[in-house]
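Enquirer: Under the UniProt record's numbering, the first residue of the sequence shown is numbered 1, with each subsequent residue one higher.
Okay, handing you the structure first.
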Amino acid sequence: MPSTRVWGRLLGVNPAVVEGIEFDEAEQVLVAAVRVRRRDRDRCGVCSRRCPRYDAGRGRRRWRALDLGTVQAFVEADASRVRCREHGVVVSAVPWARHGAGHTRAFDDTVAWLATATSRSTVRQLMRIAWPTVGSIITRVRADIDARVDRLAGLRRIGIDEISYKKNHRYLTVVVDHDTGRLVWAAAGNDKPTLAAFFELLGPRRCARITHVSADAAAWIGRTVEQYCPDAIRCADPFHVVKWATDALDQVRRQTWNYARRQPGGSHKDRRGRTASAGTAQSMKRARWALWKNPENLTDHQRHKLAWIAKTDPRLYRAYLLKEGLRHVFAVGGQAGIEALQRWLAWAARCRIPEFVKLARTVRSELSAIHASLDHGLSNALIESTNTKIRLLTRLAFGFKRPDALISLALLALGGYRPELPDRTHT
Ligand SMILES: [Zn+2]
C-alpha cells in the first residue's frame, strides 16, 4: 500500500487523497494536506448533490482528526463553496466530515460513543475538547442517525413524562416505548403544544395504533392524549404513584425531625454559630436515606436505622410501611396487585396520618388509570429503570447551554440506536 493511502487510513479521510504530511513544531501537531477526489468535488454540503462551483470560500480549512498516538492531528483542505438549487450558497461537502463540523467523522463518532459510555471529565480529558463541543458533536451524530432510522415505527404502548433538567423549572417532555424500553422522543417544554408536536409527527394513522398511554396525572398530558389518541387506554405511571408516597413519607419525616429538634437537647450551635440538630433530631435527619431506599438496597447500617425508627417513632415507621406497601402493589402487578391496592387503600384511609389519608384520596381519584396499568403489565421495572436513567442523564446537562445537546445524549444512550466506534467493520 502506498504511504499516502496508509496516511489516509490513519486519518480516516479515504477515499480523499493525502498530498503531504507536516509536523507543526510550534503547535506540536500533525497537519495533513488533503485533496478531495474529482468525483466527490463540488457537492452541496447539505444534500451531497453535485452543484455549480460558487467561489473558493474562505480558503484552506482545518478539521481535527483522531490523535495519532499522543499527537494531535489535523486535516487541512480547500473549503470552496457551491450554489445548490435547494440550499443556496453552501460550503461544499467533504467525505471525511459532517457538514459544518470542525472535526472529522471518526472523531465525532468516537466522542459520541464515549459520551454515552463514560463520564464527562473522561470524555473531555481523553479527547481534549470542551463539554459544549461534545454537545455540538453529539447533536450532529444524532441527526445523522435520525436521518437513517424511524424511531417512531411500530409504537403501541407508550409512556409520557416530564423531567426537570435544570434549576428554575426547565422541563423536557419525553416519550418512551414500553415494549422496547427505548426513549423515542424528547423536546424542551412541558405543555400541550410541546406534546402535540409529538403526535403531529406521529401522524393520524400511527396515533390510531397506540393502545396504551401511561403518564402521571398532569392535566395537559391527559387532554393532549385525549385529543390525539381518544381510544387509547390511559394508565397511571407507577413511578409517579410511588413517588407520591415517597413525598408523603418525607413530609412525615420532616415533621418528626422538626419536633425532635425543638425538644431540650434537640439542637446545638455549631462552631460557626449555626443551629444544628443533635441527639434524636440528628439521628432522624440522617435516617432519610434509609427511609427512601428500597428495602432490598439497604446497607446494614441503614437497616439498623430503620429498626431504631420502629422503636422510637412508630408513627414514622407506619408511614414507611405505607410507602413500601404501595411500592409492593406495583411490584406484584396484575390481579394480585389490584387486590393488594384494595387492602392498601383501606389501611391508608384509617392510618391517622393526614399525609397518607390524603394520598389515599388521590390514589382513589386515579384508580381506573392505576388499575389499567396493573392490568396491562405496565408495572414492570422497565419503566422505572428508563426513568432513572433519563434522570441520571439530566445531571450531565448542567454543562450544556441548550436542551438540544441533552436530548441528543439521551436519545443516543437510551434510544436503541447507539453510536458506533469508527472503522470497526473489520474486527
Ligand atoms: Zn443542497
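Every residue, glycine too, gets a C-beta built ideally from N, C-alpha and C.
(1) In terms of alpha-carbon separation, which member of Arg62, His103, Ala372, Asp404 lies closest to Ala215?
(2) Could you tell me the alpha carbon to alpha carbon distance between Ala77 and Ala410, rounded to whole angstroms?
(3) What does the alpha-carbon distance come out to for the pair Asn380 and Gly333?
(4) By the 10 Å Cβ neighbour count, where 16 or more other Cβ atoms means buried, how is His301 classified, buried or exposed?
(5) So does His99 have its beta carbon nearer than 7 Å to some heavy atom of ligand 2?
(6) Please report the residue range of the beta strand (DSSP E) in which Lys323 lies.
(7) So, Arg98 versus Val91, is the Cβ gap smaller than 8 Å?
(8) Considering only residues of the same chain and omitting the five flanking positions on each side of Arg83, which have a CB-CB separation below 7 Å?
(9) Could you name the residues that DSSP lists as bridge partners for Ala32?
(10) Looking only at C-alpha atoms, which of Ile210, Phe239, Asp313 sits nearest to Gln227?
(11) Return the CA-CA distance between Leu66 and Val29, expressed in angstroms with no decimal places.
(12) Please check the pair Ala278 and His268, which I expect to be a contact at CB under 8 Å, by giving their CB distance rounded to whole angstroms.
(13) With a CB to CB cut of under 8 Å and the five nearest residues on each side skipped, what residues in its chain are close to Ile158?
(14) So the candidates are Arg62, Trp96, Arg41; which of them puts its Cα closest to the Cα of Pro422?
(15) Helix, strand or coil for Tyr228? Go by DSSP, reduced to three states.
(16) Quick one: grab the DSSP three-state call for Cys207.
(17) Could you check which residue in Ala26, Arg37, Glu324 has the C-alpha nearest to that of Val13?
(18) Pair every Cβ in the region 247-255 with every Cβ in the region 342-361, then say whether three or more of these pairs are closer than 8 Å.
(19) Quick one, what's near ligand 1 if you take every residue whose CB is closer than 5 Å to any heavy atom, in chain order?
(20) How would you write the range of the alpha helix (DSSP H) that Gly135 sits in, first residue to last?
(21) Considering just the uninterrupted stretch of the alpha helix (DSSP H) at Arg61, what are its terminal residues?
(22) Using only alpha-carbon positions, find the residue among Phe199, Arg395, Met284 that is nearest to Asn258.
(23) Give a yes or no on contact between the region 412-420 and the region 134-149, applying the rule of three or more CB pairs nearer than 8 Å.
(24) Where Cys229 and Ala208 are concerned, what is the direct C-alpha to C-alpha distance, given to the nearest angstrom?
(25) Among residues of its own chain, excluding the 5 on either side of Val71, which ones have a beta-carbon nearer than 6 Å to its beta-carbon?
(26) Could you compute how far the alpha carbon of Arg309 sits from the alpha carbon of Thr299?
(27) If you drop the 5 nearest sequence neighbours on each side, which residues of the same chain put their C-beta closer than 7 Å to that of Ala86?
(28) Using only alpha-carbon positions, find the residue among His240, Thr122, Ala26 that is nearest to Ile370.
(29) Mapping the DSSP letters down to three states, classify Arg41 as helix, strand or coil.
(30) Do Thr312 and Thr280 count as a contact pair if the criterion is CB distance below 8 Å?
(31) Just reading off the beta strand (DSSP E) that Asp247 is part of, what are its end residues?
(32) Would you mind working out which of Gly20, Val94, Ala130 sits nearest Val111, comparing C-alpha positions?
(33) Confirm, please, whether the CB-CB distance from Glu420 to Asp109 is below 8 Å.
Expert: Checking against the coordinates, here is how it stands:
(1) As a first step, residue 215 must be located in the sequence shown, where it is residue number 215. Per the Cα distances, Ala372.
(2) Taking the sequence shown and counting its residues from 1, the one referred to as residue 77 is at position 77. Taking the sequence shown and counting its residues from 1, the one referred to as residue 410 is at position 410. Near 34 Å, if we compare the C-alpha coordinates of Ala410 and Ala77.
(3) Walking along the sequence shown from the start, residue 380 turns up at place 380. Walking along the sequence shown from the start, residue 333 turns up at place 333. Unreliable positioning characterises Asn380 in this predicted model, as indicated by a pLDDT of 49, which lies under 50. The coordinate reading is nonetheless provided below. Roughly 8 Å separates the two Cα atoms.
(4) Translated into positions along the sequence shown, residue 301 becomes position 301. Answer is exposed; the Cβ neighbour count stays below 16.
(5) This structure does not include ligand 2; its bound ligands are ligand 1.
(6) Position 323 of the sequence shown, counting from 1, holds the residue named residue 323. Unbroken run through Lys323 is the alpha helix (DSSP H), 314-332; no beta strand (DSSP E).
(7) In the sequence shown, counting from the first residue as 1, residue 98 sits at position 98. In the sequence shown, counting from the first residue as 1, residue 91 sits at position 91. No. Outside cutoff.
(8) Along the sequence shown, one-based indexing puts residue 83 at 83. Cys51, Pro52, Tyr54, Val89, listed in sequence order.
(9) On the sequence shown, position 32 is the one that residue 32 refers to. Ile21, Val75, per the DSSP bridge assignment.
(10) On the sequence shown, position 227 is the one that residue 227 refers to. Of the listed residues, the one whose Cα sits closest to Gln227 is Ile210.
(11) For the purposes of this step, residue 66 is identified with residue 66 of the sequence shown, where counting begins at 1. For the purposes of this step, residue 29 is identified with residue 29 of the sequence shown, where counting begins at 1. For Leu66 and Val29, the distance between alpha carbons rounds to 12 Å.
(12) Taking the sequence shown and counting its residues from 1, one reaches residue 278 at position 278. Taking the sequence shown and counting its residues from 1, one reaches residue 268 at position 268. About 5 Å separates the two Cβ atoms, so the contact holds.
(13) Stepping through the sequence shown from its first residue, residue 158 is reached at position 158. For Ile158, where only same-chain residues beyond five positions count, the Cβ hits under 8 Å are Val175, Val176, Asp177, His178, Val184, Ile210, His212, Val213, Ser214.
(14) Numbered from 1 along the sequence shown, position 422 holds the residue referred to as residue 422. With distances taken between Cα atoms, Pro422 lies closest to Trp96.
(15) Within the sequence shown, numbered from 1, the residue matching residue 228 stands at position 228. Of the three classes helix, strand and coil, the one that applies to Tyr228 here is helix, per DSSP.
(16) In the sequence shown, residue 207 corresponds to position 207, counting from 1. Residue state, collapsed to three classes: helix.
(17) By one-based count along the sequence shown, residue 13 stands at place 13. It is Arg37.
(18) yes
(19) Cys44, Val46, Cys47, Cys84, Glu86, His87
(20) Position 135 of the sequence shown, counted from the start, is the residue given in the question as residue 135. From DSSP, the alpha helix (DSSP H) with Gly135 extends over 131-148.
(21) The count along the sequence shown starts at 1 and reaches residue 61 at position 61. Premise fails: Arg61 lies in the beta strand (DSSP E), 60-68, not in any alpha helix (DSSP H).
(22) In the sequence shown, counting from the first residue as 1, residue 258 sits at position 258. Taking only the C-alpha atoms, the option nearest Asn258 is Met284.
(23) yes
(24) Taking the first residue of the sequence shown as 1, we reach residue 229 at position 229. Taking the first residue of the sequence shown as 1, we reach residue 208 at position 208. Cα-Cα distance, rounded: 6 Å.
(25) Translated into the one-based positions of the sequence shown, residue 71 becomes position 71. Here the set comprises Leu30.
(26) For the purposes of this step, residue 309 is taken as the residue at position 309 of the sequence shown. For the purposes of this step, residue 299 is taken as the residue at position 299 of the sequence shown. Note that residue 309 is Ile in the sequence shown here, rather than Arg. Between Ile309 and Thr299, the C-alpha separation is close to 15 Å.
(27) For the purposes of this step, residue 86 is taken as the residue at position 86 of the sequence shown. For the sequence presented, residue 86 should be read as Glu rather than Ala. The residues are Cys47.
(28) On the sequence shown, residue 370 is found 370 positions in, with the first residue counted as 1. Here the closest residue by C-alpha is His240.
(29) Within the sequence shown, the letter at position 41 stands for residue 41. Three-state result, Arg41: coil.
(30) Here residue 280 is taken as the residue at index 280 of the sequence shown, counted from 1. Here residue 312 is taken as the residue at index 312 of the sequence shown, counted from 1. Yes; because the gap between Cβ atoms is below 8 Å, this pair is in contact.
(31) Your numbering for residue 247 matches position 247 in the sequence shown. Taken as a continuous stretch (DSSP letters only), Asp247 belongs to no beta strand (DSSP E), being part of the alpha helix (DSSP H) at 238-262.
(32) The residue given as residue 111 occupies position 111 in the sequence shown. The option with the nearest alpha carbon to Val111 is Ala130.
(33) To locate residue 109, count along the sequence shown from 1; it is residue 109. To locate residue 420, count along the sequence shown from 1; it is residue 420. Cβ atoms of Asp109 and Glu420: closer than 8 Å.
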